[in-house]
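Enquirer: The structure under discussion is supplied below as structure tokens; questions concerning it will follow.
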Amino acid sequence: MQGLAHLHLPIFQGRYKETDMSTTGEKPGKGTYTCTKCGEKVTLDDHGDTLPPCPRCHGTDYRP
Ligand SMILES: [Zn+2]
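And the structure:
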């Protein structure tokens with residue numbers, strides 16, 4: 414019984430996170446951001462707005 418200990422994440426996930434993901438507390442600018450956990454959409458309508466925790470699941474990672 415072996416093999417389950419080695420789960421390889423696709424390399425692109427790490428790069429994607431650094432470039433396109435936004436996290437609670439950041440100010441990514443105007444736009445709609447989608448929670449990566451539950452798909453809830455959060456809209457920032459001001460350039461200086463800070464991303465809040467997801468209102469549905471309290472997740473902190475968003476994608477544009
Ligand atoms: Zn969420």
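Counting along the sequence shown from 1, when you hit position 16 you're at 429 in my numbering, and nothing is skipped either side.
For glycine and all other residues, C-beta sits at the position ideal for the given N, C-alpha and C.
What you are looking at is a predicted structure, and each value in this text was computed from that prediction instead of being measured.
Skipping 5 residues on each side, what residues in its chain have a beta carbon closer than 6 Å to that of Lys454?
Expert: So the list reads Thr445, Thr447, once near-sequence residues are dropped.
Enquirer: Am I right that Thr449 and Arg476 are in contact with their C-beta atoms under 8 Å? What's the rounded C-beta distance?
Expert: With 8 Å as the limit, Thr449 and Arg476 qualify as a contact, their Cβ atoms being about 6 Å apart.
Enquirer: With a cut-off of 6 Å, give the chain-ordered residues whose Cβ is closer than this to any heavy atom of ligand 1.
Expert: Listed along the chain, these residues meet the criterion: Cys448, Lys450, Cys451, Glu453, Cys467, Arg469, Cys470, Gly472.
Enquirer: DSSP on Asp433, reduced to helix/strand/coil?
Expert: It is helical.
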